[in-house]
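Just so you know, the sequence shown maps onto residues 9 to 375 in this note's numbering. Encoded as structure tokens, the structure appears first; notes follow it.
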Amino acid sequence: MKPAVPPAPPLVSAVITTRARPALVGRAVQSVLTQQGPPLELIVVMDGPDPETHQTLQSWRDPRLRVLPLPQRLGANAARNAGIAASRGQWVGLLDDDDEWLPGKLSAQLAAARQSRFSRPVVACQVRVNNGRAEWVRPRRCPGPFEPVGDYLFCRHHFICEGFVQTSMLLAPRDLFHQVPFDDRVRKFQDADWLLRACSQSKVGLEMVMSPLGVWHVEADRRRQSHEPVAVGELLAWLRSRRALVSRRAYAAFLLNMAGPQIPPTAWRERWHLLREAFRAGSPNVQDCVLFGISAVIPPHWRARLRARLLSWLAGNPKVGNLRHAAPVPNCGHLCSSEIQDNNGSVGAGGPQCEGRPLASGVTMPL
């Protein structure tokens, strides 16, 4: 009798972090296990004791699924690190428990990785943003050929949302996650923090698949840890700790476009301090200052509502449909969608404009 041959290690390890949301995590698990193509394993990390979620996960009879319960609540970043430490795949893909992957996500990202000019690429993709009322696609452009990741994430060349990376859409080599773990002290902009540090490593760069390959659910009644209020002083301290990883332009853009909207409109002293810091240590442009001023006079819930309506209008259809096919955009080097089909079967003309050119022009509220 021949000895049993151990199963080959998976190519991709998917890591889902969850806490006390059994009704949602099942959707995320389903979206991973139905991926076609590469051999994969799924590790679900329960952030602290969670009997109801554990019972829900036990109903899955798939040998690719492993459940990793943590003895106490450690937070999202520590839970991600625990899942990555337990992974066996060459690549690791991250997913929050209230988001989902669309069919073909992993295959498209691995194809982009094979075409990358970087030997250790971090591969992201577009995502459908769903707030329960409308749906739109982000980001609206891919990184420029030599654009620093901080400039891509924080700077704007037009009055519209441009660069963006969502944690649930990240796929990267496992050894890179080991070399650059998530910082469990960071409560806000966790994805940006990791990207800034990871892309500063040798032979690492960001690739963007310009096709919507996942859904980011941001319903107003749902709270994530990363969406909890964070003091502006904490954001400023974080940015200063990463000062060597961002340009002067990105430093100012983050303060005015990202941290600024976190300040209540009536907190004029904090706003003045932020504006002064942006000019002292950064290089803001007129657009940054205009968006900073808008955040001072329009309440946050109005900004969120206006932003959602505007982005839905820019998308052309509140319900963006599936990708028809993908092809490289000339002079880009990123895998970009060339045709998008809406729910009615019509095909949009052309694909995203790369090299820093936005899809459309308009005015949007600060994020």
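Every residue, glycine too, gets a C-beta built ideally from N, C-alpha and C. Since this is a predicted model, take the numbers as computed values, not measurements.
Just measuring C-alpha positions, the residue of L73, L32, S67 and Q38 sitting nearest V52 is L73. The segment 16 to 26 makes contact with the segment 99 to 117; the number of CB pairs closer than 8 Å reaches 3 or more.
In terms of Cα proximity to R182, the closest of R96, G241, L243 and L263 is R96.
For G241, the enclosing alpha helix (DSSP H) starts and ends at V240 to S249.
Taking a contact to require three or more Cβ pairs closer than 8 Å, the segment 214 to 225 and the segment 240 to 253 do not qualify as touching. For G101, the three-state secondary structure derived from DSSP is strand. Segment contact: the segment 56 to 72 against the segment 128 to 147, fewer than three CB-CB distances shorter than 8 Å; contact not assigned. Under DSSP, the beta-bridge partners assigned to Q134 are P220. Counting other Cβ atoms within 10 Å of its Cβ, V298 stays below 16 and is therefore classed as exposed. When DSSP states are grouped into helix, strand and coil, H186 belongs to the helix group. For I24, the enclosing beta strand (DSSP E) stretches over residues V20 to T26.
Nearest in C-alpha terms to Q174, of all of L264, G83, R164 and D104, is D104. Taking the Cα positions, W280 is about 10 Å away from A286. Comparing C-alpha distances from A86 to each of F190, G140 and M266 shows the shortest one belongs to F190. In its chain, beyond the 5 residues on either side, L114 and S115 have a beta carbon closer than 7 Å to the beta carbon of G45.
For I92, the enclosing alpha helix (DSSP H) stretches over residues A84 to A93.
With respect to the 8 Å criterion, L204 and V240 are not classified as neighbours on the basis of their beta carbons. For C133, the closest C-alpha among the options P18, R146, R125 and Q123 is that of R146. Looking at the backbone, the Cα of Q270 and that of G101 are separated by about 29 Å. By the beta-carbon neighbour count (other beta carbons within 10 angstroms, threshold 16), F154 is exposed. Non-local C-beta neighbours of E170 in its own chain, meaning closer than 7 Å and more than five positions away in sequence, comprise P147, R148, R149, R164 and P366, ordered along the chain. For A180, the enclosing beta strand (DSSP E) covers residues L179 to P181. Shown here, G158 sits in a helix according to DSSP, grouped into three states.
Taking the CA atoms as reference points, A16 sits about 34 Å from R136. Within the same chain, N139 and G140 come within 7 Å of E227 by CB-CB distance, once the 5 residues on both sides are set aside.
As DSSP reads the structure, E278 sits in no beta bridge. Taking a contact as a CB-CB distance under 8 Å, the pair A260 and D296 counts as one, their CB atoms being some 6 Å apart. Shown here, G213 sits in a strand according to DSSP, grouped into three states. One Cα belongs to L48, the other to M54, and the distance between them is close to 19 Å. Just so you know, the alpha carbons of D201 and V194 end up roughly 8 Å apart. DSSP, read as helix, strand or coil, puts R256 in helix.
For V37, no beta strand (DSSP E) run applies; the uninterrupted alpha helix (DSSP H) run containing it begins and ends at P30 to L41, by DSSP. For P59, the uninterrupted alpha helix (DSSP H) run begins and ends at P59 to Q66, by DSSP. Residues A132, C133, V135 and G222 of the same chain have their beta carbon placed closer than 6 Å to that of M177, with the five preceding and five following residues left out of the count. Each residue's CA atom was taken as its position, placing A180 and S210 some 14 Å apart. It is roughly 16 Å from the alpha-carbon of H186 to the alpha-carbon of Q198.
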